[in-house]
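Worksheet: one structure, shown below.
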Amino acid sequence: MPSQILPITNFQPPKKPLFSSSSSSSSASTMLLKDIDDPLTSLLISSSFKDNNNAIMSVKPLLSKASSFNNSIGSGGGGGVSCFYQKRRRRAASDDSLSCVSNGSSERSSFGRDVRHVASETFLVTRLALKMLTYLGVGYKWITQFLALGCYALLLLPGFIQVGYQYFFSSQIHRSIVYGDKPRNRLDLFLPKNSDGPKPVVAFITGGAWIIGYKAWGSLLGQQLSERDIIVACIDYRNFPQATISDMIDDASQGISFICNNIAEYGGDPNRIYLMGQSAGAHIAACTMVEQAIKEAGEGESTSWSLSQIKAYFGLSGGYNLFNLVDHFHSRGLYRSLFLSIMEGEESLRRFSPEVMVQDPNFGNAVSLLPPIVLFHGTGDYSIPSDQRCAWQYVLLRYT
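Take 1144 as the starting number for the sequence shown in my numbering and just add one per residue.
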């Protein structure tokens, strides 16, 4: 191997000899560096130096391999230099590895929390979906209804995109305001652009067959009414199988209570609050009013809101007598076992049938507490028969 020559400028050799005997590359490997304190200088001197005749001497390359480096330095002072740099490299590598471990552990911790959150949400949705499938079975009716709904949604997709864009990006919509401590106790507020004076308020409960209801279903209504200077509050509630009808009524009652007690902070008029429900939401809203009337008619039972704060109730395509709906829903794929599970058993149908409840003689004092009721139902509606509106409207006219 040819010798490597590394010149050193302005170097003055020390007075004491640096070498034990000869000037060959093999004897140079046994040099002593006791009189030089700087390790870097020692390495440079060991790789290139001058003898007494100013002849340039050379040694074997120091950094060709780790083994040749150790052999060329020897076991004397050069070994101290080798140990010094080896320790320094090990310490730097250790610091880097500790830093990487620290950063990596914090990133893994944050990533782990995100993964656990997503996993828990996925597990909950999957568990509820599987539970739902145990009720639905593999009946062709609900499958065909689901496919029909999907095709219908596909045809309306351009409109959905427009409404969805406004829902997520409009500054006039306050989404997911918390009104309770239960899952899905949230509501959306649609505020008018004009903020002059207190605005009338509509508390809206969406439909969804007690299974797929969601507050965003009321976004089109909210946008339309907010353009007409009306505040709309779309109340979300737990669906089956996460909850049953009594839980849904409790959620609706808490949402109405929040609106009655806090809407003034958002520019609403607490003296002009109207309740509205659609389909299953109309049924839930009607049951909520009936139960609230029973509470207020009782002696000493405390309530967080009053029916006197509701100026009117508007029911859209609702069902108010469950006894007349069990067979109808079964024929349309909402099977009897599933429907009775939602309504907490056949023995509870009376309690959750507002049309039946208002005919109870013991309910006389409570009926007088109900606000004015206006019911709407299309004659071409096949999901819930339109005679449901006529029957309850007749009962209300008779008993109020």
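Built from N, CA and C at the ideal position, the CB exists for glycine as well.
(request) Would you identify the three-state DSSP class for G1356, choosing helix, strand or coil? (result) It is coil, neither helix nor strand.
(request) Can you tell me which of the three DSSP states N1405 falls into? (result) Here N1405 sits in helix by DSSP.
(request) At 3 residues or longer, and completely inside the segment 1298 to 1324: list those beta strand (DSSP E) runs for me, N to C. (result) Restricting attention to beta strand (DSSP E) runs no shorter than 3 residues, the segment 1298 to 1324 encloses them at 1316 to 1321, ordered along the chain.
(message) Judging by CA-CA distance, which residue of A1407, I1406, I1378 and N1404 is the nearest neighbour of D1393?
(response) Cα-wise, what sits closest to D1393 is I1378.
(request) Could you work out which residue in H1426, R1270, S1460 and I1373 is closest to V1499 when comparing CA atoms only? (result) If you compare the alpha carbons of H1426, R1270, S1460 and I1373 with that of V1499, the shortest gap goes to H1426.
(request) Classify C1294 as buried or exposed, calling it buried when 16 or more other Cβ atoms lie within 10 Å of its own Cβ. (result) Around the beta carbon of C1294, fewer than 16 other beta carbons lie within 10 angstroms, which makes this residue exposed.
(request) Note down, in chain order, each residue of its chain lying with its Cβ closer than 6 Å to the Cβ of I1348, except the 5 sequence neighbours on either side. (result) Excluding sequence positions up to five before and after I1348, its CB lies within less than 6 Å of the CB of I1378, A1395, G1420, G1424, I1427 and A1428, all in the same chain and listed in chain order.
(message) Tell me which residue opens and which closes the alpha helix (DSSP H) that G1507 is part of.
(response) Counting along the chain, G1507 sits inside the alpha helix (DSSP H) bounded by residues G1507 to V1510.
(request) Would you mind listing the alpha helix (DSSP H) stretches within the segment 1423 to 1476 that are 4+ residues and don't spill past its ends, in chain order? (result) Counting whole runs of 4 or more residues, the segment 1423 to 1476 contains the alpha helix (DSSP H) stretches 1423 to 1440 and 1469 to 1474.
(request) Quick one: using the 10 Å Cβ neighbour count with 16 as the cut-off for buried, is L1299 buried or exposed? (result) Exposed, because fewer than 16 other Cβ atoms sit within 10 Å of the Cβ of L1299.
(message) Using CA atoms only, rank isn't needed, just tell me which of Y1525, G1340, V1517 and F1266 is closest to G1476.
(response) That would be Y1525, whose Cα lies nearest to the Cα of G1476.
(request) Flag this pair as touching only if the segment 1440 to 1459 and the segment 1363 to 1379 have three or more C-beta atom pairs under 8 Å; answer yes or no. (result) No, the segment 1440 to 1459 is not in contact with the segment 1363 to 1379.
(request) Determine the DSSP secondary structure at F1482, reduced to helix, strand or coil. (result) If DSSP states are grouped into helix, strand and coil, F1482 belongs with the helices.
(request) Return the bridge partner residues of Y1417 from the DSSP annotation. (result) Y1417 pairs with V1345 and A1455.
(request) Specify the secondary structure class of D1390 as computed by DSSP and reduced to three states. (result) Helix.
(request) Pick out whichever of T1265, P1528, K1454 and V1517 has its Cα sitting closest to the Cα of Y1417. (result) Nearest option by C-alpha distance: K1454.
(message) So, for F1457: in the same chain, excluding its five sequence neighbours on each side, which residues have a beta-carbon less than 6 Å away from its beta-carbon?
(response) So the list reads M1419 and V1517, once near-sequence residues are dropped.
(message) Taking the beta carbon of N1382 as the centre, do at least 16 other beta carbons fall within 10 Å, making it buried, or is it exposed?
(response) With 16 or more other Cβ atoms within 10 Å, it is buried.
(request) Check I1527 in the structure and name its three-state DSSP category. (result) If DSSP states are grouped into helix, strand and coil, I1527 belongs with coil.
(message) I'd like to check one pair, I1388 with I1304: are the Cβ atoms closer than 7 Å?
(response) For the 7 Å CB-CB criterion, I1304 and I1388 do not form a contact.
(request) Take G1398 and list the residues in its own chain whose beta-carbon comes closer than 6 Å to its own, dropping the five residues that flank it on each side. (result) Same-chain partners within the cutoff: Y1322, L1330 and I1378.
(message) On the CB-based measure, 16 or more other CB atoms within 10 Å of its CB, does Q1385 come out buried or exposed?
(response) By the neighbour-count rule (16 or more Cβ atoms within 10 Å), Q1385 is buried.
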